[in-house]
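The sequence shown: position 287 = 288 (my numbering), numbered continuously.
Reviewing the structure listed below.
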Amino acid sequence: MAVKKTLTALLEENKGRFISGEELAEKLNCSRTAIWKAVNQLKEDGYEIISIKNKGYKLSETSDILSEEAISRYLDEKYEINVFQEITSTNDVLKKMAVTEHSPQGTAIVSDYQLGGKGRMGRSFYSPKGTGLYLSMLLRPDGSVIDNLMLTAQSAVAVYRAIKKVTGIELSIKWVNDLYYNGRKICGILSEGQASMESGKMEYIVVGIGINIYEPEEGFPEDIKNKAGSILGKRSEGQQIDRNELASEIIREFYDLAEKRTLAPEYIEKNIVPGHDILVIDGQKVRNAHAVGICKDGTLEIIEADGSKNTLVFGEVSVRINDKNEMI
Ligand code: BTN
Numbered sequence: 002m003a004v005k006k007t008l009t010a011l012l013e014e015n016k017g018r019f020i021s022g023e024e025l026a027e028k029l030n031c032s033r034t035a036i037w038k039a040v041n042q043l044k045e046d047g048y049e050i051i052s053i054k055n056k057g058y059k060l061s062e063t064s065d066i067l068s069e070e071a072i073s074r075y076l077d078e079k080y081e082i083n084v085f086q087e088i089t090s091t092n093d094v095l096k097k098m099a100v101t102e103h104s105p106q107g108t109a110i111v112s113d114y115q116l117g118g119k120g121r122m123g124r125s126f127y128s129p130k131g132t133g134l135y136l137s138m139l140l141r142p143d144g145s146v147i148d149n150l151m152l153t154a155q156s157a158v159a160v161y162r163a164i165k166k167v168t169g170i171e172l173s174i175k176w177v178n179d180l181y182y183n184g185r186k187i188c189g190i191l192s193e194g195q196a197s198m199e200s201g202k203m204e205y206i207v208v209g210i211g212i213n214i215y216e217p218e219e220g221f222p223e224d225i226k227n228k229a230g231s232i233l234g235k236r237s238e239g240q241q242i243d244r245n246e247l248a249s250e251i252i253r254e255f256y257d258l259a260e261k262r263t264l265a266p267e268y269i270e271k272n273i274v275p276g277h278d279i280l281v282i283d284g285q286k287v288r289n290a291h292a293v294g295i296c297k298d299g300t301l302e303i304i305e306a307d308g309s310k311n312t313l314v315f316g317e318v319s320v321r322i323n324d325k326n327e328m329i
């Protein structure tokens with residue numbers, strides 16, 4: 002197991018380049034037969050490894066299997082990364098770890114596939130295999146729910162920055178915390194947590210992020226196909242990215258921004274809601290309003306249908322743009 006883990010890290014580090022069996026055996030302090038066996042196990046796990054006599058082993062440039070080793074190599078040791086090829090919901094599992102294992106801040110779960118991905122307001126989140134990135138990050142913040150409301154906005158900016166860095170693509174942010182590309186939703190964020198009734202302080206917060214990187218080969222399901230999009234289109238048709246690198250960038254940006262007390266400027270600059278007629282969804286009730294602007298604390302200033310001014314706070318409501326009578 003130790004050989005397999007270290008070998009994964011070495012192959013990921015040298016992705017696209019041959020390393021000889023001899024060099025690997027020396028680095029891992031084991032026999033060349035042990036290397037050969039571990040390579041075969043990795044191939045069984047789906048890794049595309051090219052073996053050539055006298056040259057050694059090479060992990061293909063297009064290899065895109067999520068792993069702790071590949072994500073951690075971009076990060077420092079303060080993070081505890083757990084990778085699953087499939088899971089019920091990264092949020093649910095991390096919340097359980099927060100309570101039963103007392104996992105610390107910096108613990109993250111990344112998965113390739115979710116059987117029961119959860120969205121906001123009790124909805125499900127479509128999380129197919131091999132085309133997205135589903136991750137949750139644990140925080141043990143100071144303060145109450147109110148003190149931590151800005152985290153929702155900071156999470157959206159963390160995704161914005163990470164995607165820009167890894168792909169060069171600039172997404173739009175839709176208040177509260179959806180990310181859009183070419184008019185379609187490509188990322189949703191679900192923040193959950195637990196507060197102490199005695200102290201009023203947060204015990205933990207789990208921020209879950211789901212990104213459609215590629216469009217599934219069979220397309221999106223009927224119920225979301227007019228709304229959902231992807232960053233890169235179908236994997237078979239074009240550009241590829243390293244999802245491990247993207248996961249590590251999101252994790253780093255997220256924890257950096259979570260420490261900051263001022264709202265990241267991109268949240269306002271890239272927000273598509275101000276200036277639009279909107280639908281305000283407040284529990285079961287929906288009403289019309291006009292979005293004026295995003296305030297410094299990330300709240301949304303609106304004008305209600307009767308002309309009165311109001312401010313929407315994260316966690317209370319969600320908005321839909323309405324100016325072409327389209328629900329997006
Ligand atoms: C939404 O748009 O309604 C929020 C979607 C949040 C989805 C992510 S995927 C990772 C994490 N685990 C979940 O079950 N949900 C969040």
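Just so you know, even glycine gets a beta-carbon here, dropped at the ideal spot from N, CA and C.
Treat the numbers as computed from the prediction; the structure is a model and nothing was measured.
- For Phe255, the closest alpha carbon among the candidates Asp65, Glu27, Gly17, Ser192 is that of Ser192.
- Positions of the beta strand (DSSP E) runs, each at least 3 residues long and wholly inside the segment 128-186, are given as 133-140, 173-175, 179-182 in order along the chain.
- Proximity to Ile72 across Val318, Ile252, Asn245, Thr312 peaks at Asn245, based on C-alpha coordinates.
- The Cβ atoms of Ile206 and Pro142 sit closer than 9 Å to each other.
- Straight-line measurement puts the Cα of Thr108 at about 14 Å from the Cα of Asp93.
- Selection Leu150, Phe221, Gln195, Ala229 evaluated against Gly189 yields Ala229 as nearest (Cα-Cα).
- For the pair Tyr48 and Leu60, the CB atoms are nearer than the 9 Å cut-off.
- Taking a cut-off of 8 Å on C-beta distances, the segment 274-289 does not touch the segment 88-107, as fewer than three cross pairs fall below it.
- Within its own chain, the residues whose Cβ lies closer than 8 Å to the Cβ of Gly239, once the five positions on either side in sequence are excluded, are Leu233, listed in chain order.
- Not a single heavy atom of ligand 1 lies less than 8 Å from the C-beta of Asp283.
- His291 is bridged by DSSP to Asp278, Ile304.
- Ile170 is positioned such that its CB atom lies no closer than 9 Å to that of Ala157.
- In the DSSP assignment, Gly57 falls within the unbroken beta strand (DSSP E) covering 57-60.
- In this structure, the beta-carbon distance from Asp243 to Leu264 does not fall below 9 Å.
- No heavy atom of ligand 1 is found nearer than 8 Å to the CB of Ser156.
- By a beta-carbon distance limit of 8 Å, Met203 contacts Ser145. Their separation comes to about 7 Å.
- Sequence-distant partners of Lys79 (beyond 5 residues in either direction) whose C-beta falls short of 7 Å from its own C-beta, in its chain, are Gly107.
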